[in-house]
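For the protein sequence lines, the chains are A and B, in the order given. Residue numbering for the first sequence follows the UniProt record's numbering, beginning at 1 and increasing consecutively. Residue numbering for the second sequence follows the UniProt record's numbering, beginning at 1 and increasing consecutively. Where a beta carbon is used, it is the ideal one built from N, C-alpha and C, also for glycine.
There are 2 protein chains.
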Amino acid sequence: MSTFSAAPTALIVHAHPEPRSFSTAQMTAATESLRAAGYRVDVLDLYADGWAPVLAREEFAPVDGPFKPQAEQMRAVREGTLDAAVRAHLDRLLAADLLVLSFPLWWFSLPAVLKGWVDRVFVMGGVFGGDHGLFGQAALAGKRAMLLFTTGGPTESFRPGGAFGPMDDFLFHIHRGMLEFVGFEVLEPVITYGPARMTDEERAAALDQVRQSVARVAAERPAPVG
Amino acid sequence: MSTFSAAPTALIVHAHPEPRSFSTAQMTAATESLRAAGYRVDVLDLYADGWAPVLAREEFAPVDGPFKPQAEQMRAVREGTLDAAVRAHLDRLLAADLLVLSFPLWWFSLPAVLKGWVDRVFVMGGVFGGDHGLFGQAALAGKRAMLLFTTGGPTESFRPGGAFGPMDDFLFHIHRGMLEFVGFEVLEPVITYGPARMTDEERAAALDQVRQSVARVAAERPAPVG
């Protein structure tokens, strides 16, 4: 934080339990690609760090009466009593020009550990509400965010009329409800469909594709100077 | 499980950290309403029970090599080695004619503790995949499910063209991706918008409304005999 740097910063928040998974390899490939594009890359590995995802009364200063999560978040921001881990992650989030959420798509959404990162770190009063508004008036307006994930099912199941349903429709709650809500401009997601069924050669080719896609998406608009 | 009963069973899975919250009062109102309609009601209170939502290697029998969550779920079902808490919750899920997910809408989705209940309990090989298929061929086909939740924002923000976006679009990942995926017929959700801004009189009226809505929705189709 004390080092001057003109390079933009990318924060990758990763959520897969297995370091040898394709999802983790995909995160590593994205890291390399962003570094090659001139980004300083900050990686948060939620499983490796043992992130506790359950928003609860215990993380806030004691208070009488019913626990109201958003009211407590507002108060903690105002009084400087945010939980130390939440404060540290919030600072890393606010310092990033580009946020990348990296995960396996579980139940057409984020794994619980990553959902609970949003529940706890997207603090009311810290990124929206209070001194901030919503969407274009929220704290992360002007910043960009993208999803980087894997699926179990094949591409065709996620097409309109496919067996599952359109991918964009599944992602709406994340793109609109989480990322745009706090101000981010949402970039095209980078998705690898069904890596579990790939041969080693196909997996290597898929990782090359991830490197190229991440580089292309990250370059879509000049990154703001950090 | 050993008691014969012709009454249908409802499983309510509740996820709010505060027993005195409107969300918890809403869950209690729904319980009363379902009992009055002849249901046996089983309540799972995830915050009170300290449910651990993070799907991880440690809950499975030791295995060499990379941890592949769905493969381990399939193996645990086959070998009878599912984690005891997961097995118990899965049995309660399979025994229910009606599933009610009760929660505050956090980030246009489930709170992490409830998302992690789905991640861990909607076991591959136990409710879909393996001997089961997907959707109409999954284990919960013929059963019904409904969402019961509160929002922070007002009704008008969730209308088409509203400030946030259409509620149905936000719920698609839950309705289609979680509930229909494992076979449930999805009932109309019961929603209280913005209880935090209500007077005591308005809250009481809203709880009456919940009782009536739950009774109406639960009666929409004759419940299957358990």
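In the structure shown, residue 14/A falls within a strand segment according to DSSP collapsed to helix, strand and coil. Taking a cut-off of 8 Å on C-beta distances, the region 101-117 of chain A touches the region 160-179 of chain B, as three or more cross pairs fall below it.
Using a Cβ-Cβ distance cut-off of 8 Å, the region 48-55 of chain B and the region 113-120 of chain B are in contact, since at least three pairs of beta carbons, one from each stretch, lie closer than that value.
Our two residues, residue 32/A and residue 14/A, have alpha carbons roughly 15 Å apart in a direct line. Distance from the CA of residue 50/B to the CA of residue 116/A, rounded to the nearest whole angstrom, comes to 15 Å. Residue 133/A places its beta carbon 9 Å or farther from that of residue 196/A. Secondary structure note for residue 93/A: its alpha helix (DSSP H) is the uninterrupted segment 84-95.
Going by DSSP, residue 171/A is part of the alpha helix (DSSP H) stretching over 167-174.
Close to chain B, meaning a Cβ-Cβ distance shorter than 9 Å, are the following residues of the region 62-96 of chain A: 65, 66, 67, 68, 69, 70 and 71.
Between the alpha carbons of residue 143/B and residue 96/B lies a distance of about 8 Å. Three or more beta-carbon pairs separated by less than 8 Å are not found between the region 205-222 of chain A and the region 197-210 of chain B, which leaves the two stretches without contact. Contact check between the region 178-194 of chain B and the region 149-166 of chain B: three or more CB pairs, one atom from each, fall below 8 Å, which counts as touching. Taking the CA atoms as reference points, residue 86/A sits about 17 Å from residue 129/A.
By the neighbour-count criterion, in which 16 or more other beta carbons inside 10 Å mark a residue as buried, residue 140/A falls on the buried side.
Under the rule that a run must span 4 or more residues, the alpha helix (DSSP H) segments found entirely inside the region 25-74 of chain B read 46-49. Cβ contact annotation for residue 24/B (same chain, cutoff 6 Å, sequence separation greater than five): 16, in chain order. Contact check for residue 9/B and residue 42/B: beta-carbon distance about 6 Å, within the 8 Å limit, so the pair qualifies. Within chain A, the residues whose beta carbon sits less than 9 Å from that of residue 18/B are 57, 66, 67, 68 and 69, listed in sequence order. Per the coordinates, the alpha-carbon of residue 79/A lies some 11 Å from the alpha-carbon of residue 60/A. Nearest to residue 98/B by C-alpha distance, out of 34/B, 164/B and 29/B, is 34/B.
Using a Cβ-Cβ cut-off of 7 Å, residue 21/A is close to 66 of chain B, given in chain order. No residue range can be given for residue 140/A, since it is assigned to no beta strand (DSSP E) and is classified by DSSP as neither H nor E.
The three-state reading of DSSP puts residue 146/A in strand, counting E and B together. Taking 9 Å as the CB threshold, residue 109/A lines the interface with chain B. If you look at residue 113/B, you'll find it in the alpha helix (DSSP H) that goes 112-121. The distance from the Cβ of residue 7/A to that of residue 38/A is about 6 Å, consistent with a contact at the 8 Å cut-off. Counting along the chain, residue 207/A sits inside the alpha helix (DSSP H) bounded by residues 200-218.
The beta carbon of residue 147/A sits no closer than 9 Å to any beta carbon of chain B.
Taken through DSSP and simplified to helix, strand or coil, residue 164/A comes out as coil. Distance from the CA of residue 219/A to the CA of residue 146/A, rounded to the nearest whole angstrom, comes to 12 Å. In this model, residue 19/A and residue 104/A are separated by some 13 Å (Cα to Cα). In the structure shown, residue 81/A falls within a coil segment according to DSSP collapsed to helix, strand and coil.
Of the candidates 27/B, 89/B, 102/B and 126/B, the residue whose Cα lies closest to the Cα of residue 76/B is 126/B. Contact of residue 54/B with chain A is assigned, a C-beta pair being separated by under 9 Å. Only residues of its own chain outside the window of five on either side were considered, and among them 144 have a CB closer than 6 Å to the CB of residue 185/A, listed in chain order.
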